[in-house]
Amino acid sequence: MMGVSAISAGYIMENGLLDLREVIAATGLVQIVLGIIWTSLYSKEEKELLDQSLQTS
């Protein structure tokens, strides 16, 4: 089963919007940005939940 990124990349290349090298660079940048957002927004809450679960067990 194909993921959203693979389907999106195929659609973009099929329609000639970007070539392979540009699609790879764009998906890499998107993943980096989403990783930064995830780390800044949810990392603190996840650490607190893990600490609570370790203290109770």
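All you need for the numbering used here is the position in the sequence shown, starting with 1, plus 1241.
Backbone N, C-alpha and C fix where the C-beta goes; we use that ideal spot for every residue, glycine too.
Note that the coordinates shown come from a computational prediction; the quantities given were computed from them, not determined experimentally.
DSSP places ASP1292 in the uninterrupted alpha helix (DSSP H) bounded by 1261 to 1297. For ASP1260 and THR1297, the gap between their C-alpha atoms comes out near 52 Å. Taking the Cβ atoms as the reference, THR1268 lies roughly 6 Å from SER1246, within the contact range of under 8 Å.
ASP1292 and GLU1255 have their alpha carbons spaced roughly 47 Å apart.
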